[in-house]
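A quick write-up on the structure given underneath.
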Amino acid sequence: MLENDTGEPPRCTCHPGYVLAPDMASCLPEDACHPNPCQGTCQTRPGGFECTCEAGYTLAPDGRHCLDVDECLAEPCEHECHNTAGSFICLCLPGYRPTGPGGRHCRDEDECAQPGVCPQLCLNVPGSFHCACRPGYQRQPDGGDACLDVDECLRDPCPGPCRNLPGGFQCLCASGFLPEEDGHGCHDDDDCAMVSRLCEQVCVNTEGGFECHCHLGYKMLDGHCQLISHCYEAPCEQQCEDVPGGYRCSCFPGYAVDPQVPTRCVLHCNRSQCPAKCDARSCECPEGFVLDEETNREETCVDMNECDMNYCSHNCTNHPGGYKCHCPAESREGGSHGALLRFCSLRQAAVGVRLSFPRASSWGELQGKTMHVLQEGRLCLELTV
1 MLENDTGEPP
11 RCTCHPGYVL
21 APDMASCLPE
31 DACHPNPCQG
41 TCQTRPGGFE
51 CTCEAGYTLA
61 PDGRHCLDVD
71 ECLAEPCEHE
81 CHNTAGSFIC
91 LCLPGYRPTG
101 PGGRHCRDED
111 ECAQPGVCPQ
121 LCLNVPGSFH
131 CACRPGYQRQ
141 PDGGDACLDV
151 DECLRDPCPG
161 PCRNLPGGFQ
171 CLCASGFLPE
181 EDGHGCHDDD
191 DCAMVSRLCE
201 QVCVNTEGGF
211 ECHCHLGYKM
221 LDGHCQLISH
231 CYEAPCEQQC
241 EDVPGGYRCS
251 CFPGYAVDPQ
261 VPTRCVLHCN
271 RSQCPAKCDA
281 RSCECPEGFV
291 LDEETNREET
301 CVDMNECDMN
311 YCSHNCTNHP
321 GGYKCHCPAE
331 SREGGSHGAL
341 LRFCSLRQAA
351 VGVRLSFPRA
361 SSWGELQGKT
371 MHVLQEGRLC
381 LELTV
């Protein structure tokens, strides 16, 4: 386009968006981005320019200005979000620290890991912590974190004197007592168990001490146990009686001293009926007695008539609990050397067995020998002297 209104040589001009080239005859596209018409970045375009904004901003409706984007509207933070020009900042609540990409997440901070946070005990809780006191201490009345010693002795926890200690107390025990493992009480000291042979025979622990005693049959004299009854060491099965120089065994009613073992007792009855010795399974009668089956009295023993059983070969006399055999009277055959005697034997042997004995000097000597046999026998036999 040419312009000439003043009579000067014609000059070329360009349409908007273009500028005159150095040859002054042609037009080149104008640099629309210089000076920068945009608030953000300007890019030249055919016939003009285009504005763009940096991250965190958006292009305004006029196409040139940039508006800040409020990223907090999308809630990118776990706790708190603060919008800034072109960006945002995540903040954590007190007691938490940021973690993760961009610090968007929050993790509880263990305040108790720091030394000196509390005077004694520290308890971490989500987002905070609490101070506590050890047993035997308490917090200050004004709510401070300092811990004050508790005087437990004011509660009178001990059976005797009490000593207050920092954070605790100690019971002072009297003689004969020992402190508990935790020191908060006293228990009796078992002197008999702790010291062997405190006493000569029997040691009895008492509250705070001990006493010495003697076994049955002994008496404490001048601190020693003296024997006063032989029955204490006697092996009597049922009853014992002291006699001069020793003891004598006896039995309860219904029993008698065993002739073979004088310290033992056996069932005995000198009547026609006696009570039986029974337990849950069976009953026992004295020798020579049986249970009364005819009257169905199972706890009564009645005398057994051994004479009905022909235990004796000649004469028989029954008595409670036993019997006695009698032989015919003695006789003589031809002079002093032929005295014929009869006696009894336990074994069932034929009558007429002859036994030879040396000549007796007198009837009394022979009778003594015969009686010894009579104690063992039931069957009458002949004896020729």
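When you number the sequence shown by the UniProt record's numbering, it's gap-free, plus one each residue, and the end is 385.
Idealized CB from N, CA, C, for every residue including glycine.
- Secondary structure note for residue 194: its alpha helix (DSSP H) is the uninterrupted segment 191-194.
- Counting only runs of 4+ residues, no alpha helix (DSSP H) is found wholly inside the segment 300-328.
- Counting along the chain, residue 168 sits inside the beta strand (DSSP E) bounded by residues 168-171.
- Approximately 19 Å separates the beta-carbon atoms of residue 66 and residue 74; this is outside 8 Å, ruling out the contact.
- By a beta-carbon distance limit of 8 Å, residue 12 contacts residue 24. Their separation comes to about 6 Å.
- With distances taken between CA atoms, residue 281 lies nearest to 299 out of 292, 299, 221.
- Look at residue 51 here: in three-state DSSP terms it is strand.
- Non-local beta-carbon contacts of residue 186 in its own chain, meaning distances under 8 Å to residues more than five positions away in sequence, involve 158, 159, 160, 171, 173, 174, 177, 178, 179, 180 in chain order.
- By the criterion of a C-beta distance shorter than 6 Å, residue 38 is surrounded in its chain by 51, 64, once the five residues flanking it on both sides are discounted.
- A buried status is given to residue 169, since no fewer than 16 other beta-carbon atoms sit within 10 Å of its beta-carbon.
- Within the segment 230-263, the runs of beta strand (DSSP E) at least 3 residues long that lie entirely inside it are, in chain order, 239-243, 246-250, 255-257.
- Residue pairing of residue 209 in beta bridges, as defined by DSSP: 206.
- Under the three-state reduction of DSSP output, residue 11 falls in the strand class.
- By DSSP's assignment, residue 224 forms a beta bridge with 221.
- Rounded to whole angstroms, the separation of the alpha carbons of residue 237 and residue 230 is 14 Å.
- The Cβ atoms of residue 97 and residue 107 lie closer than 8 Å to each other.
- By the Cβ-count criterion, residue 182 is exposed, with fewer than 16 other Cβ atoms from all chains shown falling within 10 Å of its own Cβ.
- Proximity to residue 223 across 211, 277, 110, 206 peaks at 211, based on C-alpha coordinates.
- Contact between residue 124 and residue 145 does not hold, since their C-beta atoms are separated by about 15 Å, which reaches or exceeds 8 Å.
- Residue environment analysis places residue 286 among the buried positions, since at least 16 neighbouring C-beta atoms fall within 10 angstroms of its C-beta.
- Between residue 269 and residue 301, the gap from beta carbon to beta carbon is short of 8 Å.
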